[in-house]
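Going by my numbering, the first residue of the sequence shown is number 4, and it counts up by one from there. The structure appears right after this line, and notes come after that.
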Amino acid sequence: MRSLLAVGPQDRGMLVAVLAHVAAGMLPATTLTTVCQIGMDSFTRPGCTSGLCMLLASLLQHDSAADSIVQFLRQPSCFELLLQIMKDPPPLSSPVTQVHVTMADQQGGSAAWIAREGSHDGIVSLALAVLPRLKSAQAERMVRSIWELQDRLHPSQLSPSGQVVLASLIYDSVCVSPAMTVPSLIQPKAVSILAQAIRLRPLKKILAWPTEMGGGSGAVASLVRQTVSTLYLPVMHSTADLETFSASISQGHLVTSLVAAMDVLSPESLAAPLGLLARILLLPDESHMDQFIACGPLTHPTLLALVEHAQHPSATIEQVAAMELSLETTAVGDLVAILSHVARVAGTRYYGAVLESGIISRLGGLLASKIPDLRAKMCNLIGNLCKHGNQFYPLLATHDRIIPELCLRLRDFDSSVRKFAGFALGNAGFHDSSLYPRLEGR
Numbered sequence: 004m005r006s007l008l009a010v011g012p013q014d015r016g017m018l019v020a021v022l023a024h025v026a027a028g029m030l031p032a033t034t035l036t037t038v039c040q041i042g043m044d045s046f047t048r049p050g051c052t053s054g055l056c057m058l059l060a061s062l063l064q065h066d067s068a069a070d071s072i073v074q075f076l077r078q079p080s081c082f083e084l085l086l087q088i089m090k091d092p093p094p095l096s097s098p099v100t101q102v103h104v105t106m107a108d109q110q111g112g113s114a115a116w117i118a119r120e121g122s123h124d125g126i127v128s129l130a131l132a133v134l135p136r137l138k139s140a141q142a143e144r145m146v147r148s149i150w151e152l153q154d155r156l157h158p159s160q161l162s163p164s165g166q167v168v169l170a171s172l173i174y175d176s177v178c179v180s181p182a183m184t185v186p187s188l189i190q191p192k193a194v195s196i197l198a199q200a201i202r203l204r205p206l207k208k209i210l211a212w213p214t215e216m217g218g219g220s221g222a223v224a225s226l227v228r229q230t231v232s233t234l235y236l237p238v239m240h241s242t243a244d245l246e247t248f249s250a251s252i253s254q255g256h257l258v259t260s261l262v263a264a265m266d267v268l269s270p271e272s273l274a275a276p277l278g279l280l281a282r283i284l285l286l287p288d289e290s291h292m293d294q295f296i297a298c299g300p301l302t303h304p305t306l307l308a309l310v311e312h313a314q315h316p317s318a319t320i321e322q323v324a325a326m327e328l329s330l331e332t333t334a335v336g337d338l339v340a341i342l343s344h345v346a347r348v349a350g351t352r353y354y355g356a357v358l359e360s361g362i363i364s365r366l367g368g369l370l371a372s373k374i375p376d377l378r379a380k381m382c383n384l385i386g387n388l389c390k391h392g393n394q395f396y397p398l399l400a401t402h403d404r405i406i407p408e409l410c411l412r413l414r415d416f417d418s419s420v421r422k423f424a425g426f427a428l429g430n431a432g433f434h435d436s437s438l439y440p441r442l443e444g445r
């Protein structure tokens, strides 16, 4: 370890990057823990800071080294330096730290690329690893530093994997100190920063990054999921000012960002954005609905693929049990809930857009879903679509499944399904008599 200080800055950065990626399992724990004895000035040397932070973060994942490193970082002088590094880290000696190494394995060796290292990758990784191990006073100071860091960071300072780590770090910081962070989280600046992280342009850049270097579809899905998880927290926090949060969502164009993200997400990755959209649309500001419908998500190919995957007409009992817990089922349930809420609250304002999208015809098969919750939500949706007018009556008259399935649902074993089926059929015959022949089985 001490030999790192004797080499040039660029070589030192490469050596530390290699150590950070191969430390686990490659060197004895007694050797690895000697990093705690490196002079503190080494952390501020160009080319060394981020790599050493990454190495410490890696070691914190292993019980044999974690206790020593935690004690080391809790020391007042070490902790103050860590906060200082988060505030003003030394630059990397090179904008890209990328090393080709051969790591030994049982087959004799395999080539691997060390991922591109952003100037702040190691710092956010170390903060994520150490935050849950700090005592309350130090944890609160660390949380403040994390939020100051988030305000200053530019995406170019993090690799794709570093951006995912930062999203996890922000989430953990809110969980560690909600009383301190939630009031900041609901403000326009914080919501805008989080919304920018999941906008289409930066997500496309991460998608294009090689998977072996921390990018690709998996990194995109992880970043969206972790960012959305953070934005969920104000809704779950009983003392959050939801009116301020709602205004911040509008200013930050969060709804637009969530819908646009569908371009780079797979169907099974839509659970997070659709879940958050379902909660946002429940907020009192109806402009969120306007933004949602204006974005045209109801005809998006990824959303339609999700609806198609959710039909499962011949699933076994075991498959049904798995489906009830699946992300796809959650996502489809949230989609139906969104449409039902829009139809119930906004009257006939969006009936035309929903009809033109063709989404109701595609969702009709959910009335026969093996999952009771989806059957109930679909019955409720039909009832709300018929609540304010007869615009959907022609569709119900020509669709070969909706009315017959609604009638069958009156005898469903699930009481919620029966209740909402009655609600739907009552509204289907309320505004005029055009559906009476179908309701009578003719």
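Quick reminder that beta carbons are idealized off the backbone N, C-alpha and C, glycines included. Here the structure is a predicted model, which is why all the values come from computation and not from measurement.
- Counting along the chain, residue 145 sits inside the alpha helix (DSSP H) bounded by residues 139-155.
- Listed in chain order, the non-local C-beta contacts of residue 158 below 7 Å within the same chain comprise 166, 205, local neighbours out to five positions each way being set aside.
- In the DSSP assignment, residue 271 falls outside any alpha helix (DSSP H) and carries neither an H nor an E.
- About 11 Å separates the Cβ atoms of residue 388 and residue 349, ruling out a contact at the 8 Å cut-off.
- Cβ-Cβ separation between residue 177 and residue 233: approximately 6 Å, consistent with a contact (criterion under 8 Å).
- Sequence-distant partners of residue 156 (beyond 5 residues in either direction) whose C-beta falls short of 8 Å from its own C-beta, in its chain, are 123, 169.
- By the criterion of at least three beta-carbon pairs nearer than 8 Å, the stretch 238-245 is not in contact with the stretch 298-307.
- For residue 379, the enclosing alpha helix (DSSP H) stretches over residues 375-388.
- With a threshold of 16 other beta carbon atoms within 10 Å, residue 230 meets it and is buried.
- One thing to note: residue 299 has its Cβ no nearer than 8 Å to the Cβ of residue 351.
- Residue 443 and residue 409 have their C-alpha atoms some 12 Å from each other.
- For the set 126, 438, 312, 91, the Cα lying nearest the Cα of residue 53 is the one of 126.
- Excluding five sequence positions before and after residue 209, the CB atoms of its chain that fall closer than 6 Å to its own CB belong to 163, 218, 222, 223, given in chain order.
- Residue 333 is positioned such that its CB atom lies no closer than 8 Å to that of residue 281.
- Where residue 291 is concerned, the enclosing alpha helix (DSSP H) starts and stops at 290-297.
- Annotation for residue 189: no alpha helix (DSSP H) segment contains it, and DSSP assigns it neither H nor E.
- At a cut-off of 4 residues, the continuous stretches assigned as alpha helix (DSSP H) that sit fully inside the stretch 169-256 are 181-188, 191-200, 203-211, 219-239, 245-254.
- In this structure the stretch 62-73 does not lie against the stretch 141-150, because fewer than three pairs of beta carbons, one per stretch, are closer than 8 Å.
- Sixteen is the threshold: when 16 or more other Cβ atoms of the shown chains lie within 10 Å of the Cβ of residue 331, as they do, the residue is buried.
- Residue 211 counts as exposed, since fewer than 16 other beta carbons sit within 10 angstroms of its beta carbon.
- For the options 149, 426, 441, the alpha carbon positioned closest to that of residue 390 is the one of 426.
- Shown here for residue 419: same chain residues with a beta carbon closer than 6 Å to its own, the five before and five after excluded, namely 379 in chain order.
- For residue 87, the enclosing alpha helix (DSSP H) begins and ends at 79-90.
- Excluding sequence positions up to five before and after residue 131, its CB lies within less than 8 Å of the CB of 60, 168, 171, 172, 175, all in the same chain and listed in chain order.
- The Cβ atoms of residue 279 and residue 237 do not sit closer than 8 Å to each other.
- Cβ contact annotation for residue 121 (same chain, cutoff 7 Å, sequence separation greater than five): 160, 161, 162, 165, in chain order.
- Between residue 376 and residue 138, the alpha-carbon positions lie close to 43 Å from each other.
- In the three-state DSSP reduction, residue 158 falls in the helix class (H, G or I).
- Going by DSSP, residue 421 is part of the alpha helix (DSSP H) stretching over 418-431.
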